[in-house]
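Input: a single structure, listed below in structure tokens.
Spelled out as structure tokens, the structure:
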């Protein structure tokens, strides 16, 4: 599977070893400060303090009201970090005091401006520290210090164009609120123990996560402690599963401990012995649903036999849970030629050369975008022996499919049906001979059949020998076959259950199908 690299936002639970140093960079925001710019899309009633005009930055999402979608940011003026970098200061951090009560789903963070990429980079997310319900005043604040930003690799443009901002998104929810007093940006001592990098999902199933990481860029790890918690949960309290790996091991598995379709957060703590620790996380992931079992006709050798002249109804078939066999490829005409992910198989047999139309263009199914390929084969268990003879993507109504095949020789053929992309659902299927209608068949051959409905025996008459008679149930399964080679044939149907059947009759090497009701 394709590997996924987890992204993360640092919450202020990181622990770094710091020392006092002489600083070139030590700049307070000095709110009220008209050089700060507040922007966003928000309800004005929620913005209680703007740093450009007030000594605080306060937003009361409760006052903004239910039903509002609020995003608000306040950014610093440009702060040229060139002098600090020239002096050897390679890390910077932001500190101050704040109060915040998250209700769930909102995000309060600090971002810095990457002047090369012309984009904001989120480097810290605030966790809640209050149970306040009223944010009309900025009371109950607590100190914070952000994780340090490594500027050692910044270009001159990134250094000279640096600025930072506080950003909030209520994600359309009706939340509580927050308040900041004026922050200070300073140089920071490089961490002696850093977070892991390149955390990668190696496998994710409905009940298990396998993951790996690379060693941190700073520090000498002794071990790595990891923990999975419920989404938004607190490590050590909302733990689902945890473990420890001794360095240099850099991979772990949760084992079969997770629940399908649940949101989780992953944390990995770098332990540098007595020097310190650093926490990666939370990195969010969601376990997938348990896949349905494959349908009975998932493999070509288990293809459902359908009679020429038959059409299913009532969403008789599904490709949900369909899988791929060894050496299986999709149709050459499909949207992505040869690509296949959830196919199912059918088969039909003809006794004489004829034209056949294979179609999913039957209303009612939930699989609205189908693809069809038709093959000859010498061994159903070896798909390398399959040769495509027909293909269609979207010739039917909407995105349904109709594959028209002409001049097919007597024999057995395989139908592969796939949903576009990863699409699954129910559908119906018809396999018909468009070259000869029942009326024409009856007229040319003097063919008659009676009674219909039939209780015991079905009588078939023709002016030429009736070569073959095959009866199929509505699932396409052959339930009776005879080869009378006479102009009159009586078919004993006493052994068949009540219901509808397709009777396939071959006369003069031409096959037609009629529908019979067995009482």
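Residue numbers (the numbering used here): 4 to 522. Built from N, CA and C at the ideal position, the CB exists for glycine as well. Since we're looking at a predicted model, the values are computed, not measured.
For residue 150, no alpha helix (DSSP H) segment is defined, and its DSSP state is neither H nor E. Cβ-Cβ distances below 8 Å link residue 146 to 98, 99, 100 in the same chain, with the five nearest sequence neighbours on each side left out; the list follows chain order. Put simply, the stretch 469-478 touches the stretch 487-502. At least three CB pairs are less than 8 Å apart. Here residue 448 carries a helix assignment [DSSP, helix/strand/coil]. For residue 89, the enclosing alpha helix (DSSP H) begins and ends at 85-89. By the CB criterion at 8 Å, residue 416 and residue 350 fall inside the cutoff. In the structure shown, residue 163 falls within a helical segment according to DSSP collapsed to helix, strand and coil. Between residue 225 and residue 284 the beta-carbon gap is near 19 Å, outside 8 Å, which marks them as no contact.
The beta-bridge partner set that DSSP reports for residue 480 is empty.
As the crow flies, the alpha-carbon of residue 258 is around 40 Å from that of residue 72. Residues of the same chain with a CB within less than 8 Å of the CB of residue 291, apart from the 5 flanking positions on each side, are 207, 208, 209, 263, 264 in chain order.
With distances taken between CA atoms, residue 302 lies nearest to 343 out of 343, 266, 279.
If you compare the alpha carbons of 203, 458, 453 with that of residue 465, the shortest gap goes to 453. With contacts defined by Cβ atoms closer than 8 Å, residue 361 and residue 347 do not form a contacting pair. For residue 244, DSSP records a beta bridge to 231.
With a 10 Å radius around the Cβ and a threshold of 16 neighbouring Cβ atoms, residue 427 comes out buried. Cβ contact annotation for residue 356 (same chain, cutoff 8 Å, sequence separation greater than five): 410, 411, 412, 413, 512, in chain order. Closest by C-alpha distance to residue 508, out of 136, 498, 472, 480, is 472. Listed in chain order, the alpha helix (DSSP H) elements of length 4 or more contained wholly in the stretch 293-339 amount to none. Boundaries of the alpha helix (DSSP H) harbouring residue 66: 64-67, taken from the DSSP string. Note on residue 60: 16 or more other CB atoms within 10 angstroms of its CB, so buried under the neighbour-count rule. For residue 270, the enclosing beta strand (DSSP E) has its first and last residue at 266-274.
Short of 8 Å from the beta carbon of residue 371, and not among the five residues preceding or following it, lie these beta carbons of its own chain, in chain order: 401, 402, 403, 426, 428. By a beta-carbon distance limit of 8 Å, residue 221 contacts residue 195. Their separation comes to about 7 Å. Spanning the alpha carbons of residue 65 and residue 124 requires a straight line of approximately 27 Å.
DSSP places residue 128 in the uninterrupted beta strand (DSSP E) bounded by 122-128. Judged by DSSP in its simplified three-state form, residue 388 adopts helix. When rounded, the separation of the alpha-carbon atoms in residue 56 and residue 214 is 48 Å. For the options 84, 238, 399, 140, the alpha carbon positioned closest to that of residue 159 is the one of 84.
Rounded to the nearest whole angstrom, the C-alpha separation of residue 120 and residue 393 is 50 Å. By the Cβ-count criterion, residue 96 is buried, with 16 or more other Cβ atoms from all chains shown falling within 10 Å of its own Cβ. With contacts defined by Cβ atoms closer than 8 Å, residue 202 and residue 271 form a contacting pair.
Our two residues, residue 407 and residue 44, have alpha carbons roughly 56 Å apart in a direct line. Membership of residue 375 in the beta strand (DSSP E) is indicated by the continuous run 373-379. Of the candidates 88, 298, 141, 134, the residue whose Cα lies closest to the Cα of residue 192 is 88. For the options 77, 182, 304, the alpha carbon positioned closest to that of residue 380 is the one of 304.
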